[in-house]
Amino acid sequence: MINICIIGSGYVGLVTGTCFAEVGHNVICVDNNEEKIKKLREGGVPIYEPGLEVLIKKNVAAGRLSFTSRIEEGVDASEIIFIAVPTPPQNDGNVDLRFIEGVAREIAGVMKSYKIIVDKSTVPVKTGEKVAETISRYNKAKVDFDVVSNPEFLREGSAIPDLMNPDRIVIGVSSARPVSLLKKVYDPFNAPIMVTDINSAELIKHAANSFLALKISYANALSQICEAAGANIEEVANGMGADKRIGRAFLNAGIGYGGSCFPKDLSAFIHISEQLGYDFSLLKEVERINRSQKDRFIKKVRETLWILQDKTIGVLGLSFKPNTDDIRLSPAIEIIKQLQNEGAKVKVHDPKAMEKSKQELENVIFCETPYEVANGAEALLILTEWDEYRTLDLEKIKLSLNHPIIIDGRNIFDPVKLTELGFIYKSIGR
Ligand code: UGA
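In this text, residue positions in the sequence shown follow the numbering used here: the first is 554, and each later residue adds one.
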């Protein structure tokens, strides 16, 4: 059992802290947002992530997980301090590292004995060096410390299983001293541990996310060719993905990737590469293809319905992917705004993301069920592949719609079946 402090109780911090507690460590989660800490202390959970609430309650009750807004309290009680604060993009595409710097200074100011300071946030290569420099400068007591890079690879919506069964743990260090304690932290997770230098660990994260985004854009580019050639992207992806060197994951064509990671990390990685003297034009093309998927989708809607002005369009799905209420850079939201720009009236449903969308979307009708969305709409668009949409009563949907038209941005239905049911059905790349 190790005493761990996690600074930043956002997505990564909260889920990581909870899973560390679940495997038996003592965890204090810190956040400077007092309201968030109050909510967590009262048993509330500020984000929706399957299984998280139950796990938090269990570990709080077991006395292994607690919350505070005071960094000093967390640092004093812990041998290892994880930094999991946001690293948002700046307007120019660079990463804003002010929260990382601020936390490094705060830790330095309260540190009274040797600490291992681990960066879990996604940061540009060479950030660890800067963090170490900052801590040395602001650490008046001159106590020993080590800075470690330990990127996180969890996905929203499957964060807990991802964290509990990771493919690998990457630990970037500049000396051997912190390695054994970090190995103890991760021992219960039964995953291969890879020890690297700090710069390599930091690069692994940006390189991995960019490669996954590249896979998605590759599938999306292929989907255009499939449409032009009368082939089926699913079959092509299955055939390609069966090659172990390629793998089937992240070859699903659709309306493009969104969320708080891929778009931000790609643009950051392009900037970092530029600063290091390399023009990563391959990744610029990945971004371009991603943007074009939304335009292609709107074009399909236009081709099917012609003029959108005053037409009522039903939309299923708002979150950037299923099993989350996160709508940050969700392609669904962007597509809805574009439909509205063209004069359409939009009705929407999402199992979890409606509350958050109310702050982002204006003049949209939020419906309790998918059937209510379909009722009186000229067409139904699928923008997020929630499981509950896969099992819709399509006869009922057909009766509710003004015309039996489904335009599926996530390829959740079988085109043959939908055509047999009498739908005009369009999807991506097939
Ligand atoms: C992503 C990575 O998958 C995680 O490994 C990483 O830790 C995380 O970013 C991060 O940097 O924090 P996440 O953004 O939560 O995770 O979600 P993904 O499951 O990767 O999906 C991202 C986007 O790609 C979604 O909009 C999804 O719809 C889209 N996608 C995914 C596709 O369009 N096609 C696919 O085949 C797969």
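Positions of the beta carbon are idealized from the N, C-alpha and C atoms, including for glycine.
Check whether the Cβ of Ile-724 sits closer than 7 Å to any heavy atom of the ligand UGA, and report yes or no.
It does not: the Cβ of Ile-724 is nowhere closer than 7 Å to a heavy atom of the ligand UGA.
When the distance is taken between beta carbons, is Glu-931 closer than 8 Å to Asn-964?
8 Å or more divides the Cβ of Asn-964 from the Cβ of Glu-931.
Under the three-state reduction of DSSP, which class applies to Val-565: helix, strand or coil?
helix
Beta-carbon proximity list for Gly-929, same chain, < 7 Å, skipping 5 on both sides:
Thr-865, Asn-955
Which residues in the same chain have their Cβ closer than 8 Å to the Cβ of Ser-711, if we skip the five residues on either side of it in sequence?
Pro-603, Asn-876
Per-residue DSSP class, three states only, for Ile-880:
In this structure, Ile-880 counts as coil in the three-state DSSP scheme.
Contact defined as beta carbons within less than 8 Å: I believe Thr-944 pairs with Leu-871. What is the distance between those atoms, to the nearest angstrom?
Between Leu-871 and Thr-944 the Cβ distance is about 19 Å, and since that is not below 8 Å, they are no contact.
Which first and last residues belong to the beta strand (DSSP E) in which Ala-927 is found?
From DSSP, Ala-927 is part of no beta strand (DSSP E) but of the alpha helix (DSSP H) over 923-927.
Please go through the segment 934-973 and give each complete alpha helix (DSSP H) segment of 4 or more residues, from N-terminal end onward.
940-943, 947-953, 968-973
Do the segment 725-736 and the segment 569-589 touch if we need at least three Cβ pairs shorter than 8 Å?
no
In DSSP terms, what Tyr-978 is bridged to
Note: Tyr-978 sits in a beta bridge opposite Ile-959.
Measuring alpha carbon to alpha carbon, tell me which residue in Arg-730, Pro-731, Pro-741 is nearest Arg-721.
Distance from the Cα of Arg-721 is smallest, within the candidate group Arg-730, Pro-731, Pro-741, for Pro-741.
Can you name the residues that DSSP bridges to Ile-746?
Ile-722
Is there contact between the segment 785-795 and the segment 830-849, where contact requires at least three CB pairs shorter than 8 Å?
no
With C-beta atoms as the reference, is Ile-842 less than 8 Å away from Asn-773?
The answer is yes: Cβ separation under 8 Å.
DSSP has Gly-867 in a bridge; who is on the other side?
Lys-900, Leu-933
Between the Cα of Ile-560 and those of Tyr-739, Ser-622, Tyr-691, His-902, spot the shortest distance and give me the residue it belongs to.
Ser-622
Along the chain, where does the alpha helix (DSSP H) containing Leu-618 start, and where does it finish?
Per DSSP, Leu-618 belongs to no alpha helix (DSSP H); it is in the beta strand (DSSP E), 618-621.
Grab me the residues of Glu-921's own chain with a C-beta within less than 8 Å of its C-beta, minus the 5 sequence neighbours each way, in chain order.
His-902
Tell me which same chain residues have a C-beta within less than 6 Å of the C-beta of His-824, skipping the five on either side of it?
Gly-646, Asn-647
Relative to the C-alpha of Lys-979, which residue among Val-663, Val-854, Glu-788, Arg-844 is closest?
Val-854
Which value, in whole angstroms, describes the spacing of the CA atoms of Pro-642 and Lys-817?
If I take the Cα positions, the gap works out to 6 Å.
When we look at the beta-carbon of Met-747 and count the other beta-carbons within 10 Å, is it buried (16 or more) or exposed?
exposed
Just the C-alpha distance for Lys-949 and Val-868, rounded to the nearest angstrom, thanks.
16 Å
Per the DSSP calculation, Asn-585 is bridged to which residue(s)?
BP columns for Asn-585 are empty, so no partner.
In three-state terms, what does DSSP make of Cys-920?
coil
Would the C-beta of Gly-809 count as close to the ligand UGA, meaning under 7 Å from any of its heavy atoms?
yes
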